[in-house]
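A.B. asks: Residue numbers (my numbering): 34 to 364.
Virtual Cβ for every residue (Gly too), placed ideally from N, Cα, C.
1. I need the straight-line Cα distance from residue 356 to residue 200, nearest angstrom please.
2. For residue 147, collect the residues of the same chain with a Cβ closer than 7 angstroms to its Cβ; drop the 5 residues on either side in sequence, then sort them by chain order.
3. What residue range is occupied by the uninterrupted alpha helix (DSSP H) comprising residue 96?
4. Taking only runs that begin and end inside the region 141-195, name each unbroken alpha helix (DSSP H) of 4 or more residues, in chain order.
5. Near residue 318, which residues of its chain fall below 6 angstroms by C-beta distance, leaving aside the five closest residues on each side in sequence?
6. Give every residue of the same chain whose Cβ lies closer than 6 angstroms to the Cβ of residue 42, excluding the five residues on either side of it in the sequence, and list them in chain order.
7. For the alpha helix (DSSP H) containing residue 260, name the first residue and the last one.
8. Count the C-beta pairs between the region 233-240 and the region 285-298 that are closer than 8 angstroms, then say yes if the count reaches three, no if not.
9. Do residue 284 and residue 206 count as a contact pair if the criterion is CB distance below 8 angstroms?
10. Which whole-angstrom value describes the C-beta separation of residue 190 and residue 62, a residue pair presumed to lie in contact below a C-beta threshold of 8 angstroms?
11. Starting from the C-beta of residue 34, find all residues in its chain whose C-beta is less than 6 angstroms away, skip the five residues before and the five after it, and write them out in chain order.
12. Taking the alpha-carbon positions, what's the residue 258 to residue 36 distance?
13. Using C-beta distances below 8 angstroms, list every residue in its chain close to residue 255, excluding the 5 sequence neighbours before and after it, in chain order.
14. From residue 230 to residue 224, what distance separates their C-alpha atoms?
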């Protein structure tokens with residue numbers, strides 16, 4: 034295995050994040066709260082554990098975040114069989130997705146690092162050579178800004194995101210005492226395999242409304258939609274008229290995280306299957322130890338061209354450019 038590096042970014046507020054070229058992964062996010070230095074991100078202790086775990090902790094996900102049904106796509110009349118890695122479906126780019134690649138460090142400074150990766154034509158079944166850059170910037174007002182750039186030699190679906198799991202209380206409790214708000218009027222129902230089972234539904238259906246701050250524990254298993262997935266594991270179509278896509282508040286109310294993004298959707302996943310995932314304290318996480326808020330295109334979008342969103346297909350000559358910003362406010 035090639036040498037892996039850890040890069041530390043710091044700002045004037047005393048906030049510090051750590052990143053790695055392995056999977057262009059966000060390893061750590063420490064924010065000072067009075068005398069406390071609080072870790073807000075789930076993570077492992079060693080690179081070996083990162084390579085063994087299957088929860089995608091903090092990783093850059095690509096080529097296509099979330100699921101593609103039957104691991105297949107059709108582009109301009111041509112059929113492509115993708116690498117299946119979750120039953121017959123593809124999840125998060127396949128068996129050797131971008132999370133399992135060693136990225137190149139293009140540049141780094143005190144408050145920014147840029148990683149790059151070349152995904153060859155045919156990688157995990159996808160057409161075209163895809164050149165990707167992922168930049169992380171830590172600002173002095175406690176924003177972590179992630180930007181993705183990509184270019185391709187053939188038309189291909191691209192859906193890059195970060196799979197950080199947040200626990201704004203630190204790592205002592207589960208996240209079910211957190212409150213979450215998502216500015217979305219529609220969500221996507223899924224089957225037990227996470228594949229869309231219907232068209233977009235109003236969030237008032239099946240008690241999926243997050244338009245006001247709501248405890249994650251509130252009626253968690255009382256919704257038929259959440260029973261299928263063992264908690265939240267659903268994509269929300271964001272209301273583009275609202276500047277903030279989502280807001281997460283710690284159970285002790287000391288930390289608020291505001292998420293803004295250029296993406297049309299947000300996957301809300303309450304860590305329903307985190308049990309046995311190694312943590313950074315020589316132990317393991319339990320289910321609901323963290324919540325992932327993954328800005329992205331809707332899952333299985335290549336099969337649903339009429340969905341109200343920007344196209345997930347990137348053409349030669351076009352530049353893929355998307356941004357996700359997490360701002361951490363100390364209350």
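C.D. replies: In terms of the structure at hand:
1. Against the chain shown, residue 356 aligns to sequence position 323. Against the chain shown, residue 200 aligns to sequence position 167. About 22 angstroms.
2. Sequence index remark: in the chain shown, residue 147 carries index 114 (1-based). Exclusion of the five residues before and after residue 147 leaves 139, 140, 166 and 168 as the residues of its chain whose Cβ lies within less than 7 angstroms of its Cβ.
3. Within the chain shown, residue 96 is the residue found at index 63, counting from 1. No alpha helix (DSSP H) contains residue 96, which DSSP labels as neither H nor E.
4. The region 141-195 contains no whole alpha helix (DSSP H) run of 4 or more residues.
5. Taking the first residue of the chain shown as 1, we reach residue 318 at position 285. Closer than 6 angstroms at the Cβ level, and outside the excluded window around residue 318, lie 307, 310 and 312.
6. Here residue 42 refers to the residue found at position 9 when the chain shown is read from its first residue. Contacts found: 50, 144 and 171.
7. As a working mapping, residue 260 is identified with position 227 in the chain shown. DSSP places residue 260 inside the alpha helix (DSSP H), whose first and last residues are 257-262.
8. Pairwise C-beta distances place the region 233-240 out of contact with the region 285-298, as fewer than three of them are shorter than 8 angstroms.
9. Locating residue 206 in the chain shown gives position 173, where the first residue counts as 1. Locating residue 284 in the chain shown gives position 251, where the first residue counts as 1. At the C-beta level, residue 206 and residue 284 come within 8 angstroms of one another.
10. Position 157 of the chain shown, counting from 1, holds the residue named residue 190. Position 29 of the chain shown, counting from 1, holds the residue named residue 62. Wrong, their Cβ atoms sit about 29 angstroms apart, outside the cutoff.
11. The residue labelled residue 34 in the question sits at position 1 within the chain shown. At residue 34 the pLDDT is 47, less than 50, meaning the model places this residue with poor confidence; the figure from the coordinates comes in the next sentence. Closer than 6 angstroms at the Cβ level, and outside the excluded window around residue 34, lies no residue.
12. Mapped onto the chain shown, residue 258 falls at position 225. Mapped onto the chain shown, residue 36 falls at position 3. Their Cα atoms are separated by approximately 43 angstroms.
13. Numbered from its first residue, the chain shown carries residue 255 at position 222. Only residues of its own chain outside the window of five on either side were considered, and among them 240 have a CB closer than 8 angstroms to the CB of residue 255, listed in chain order.
14. As a working mapping, residue 230 is identified with position 197 in the chain shown. As a working mapping, residue 224 is identified with position 191 in the chain shown. Distance from the CA of residue 230 to the CA of residue 224, rounded to the nearest whole angstrom, comes to 6 angstroms.
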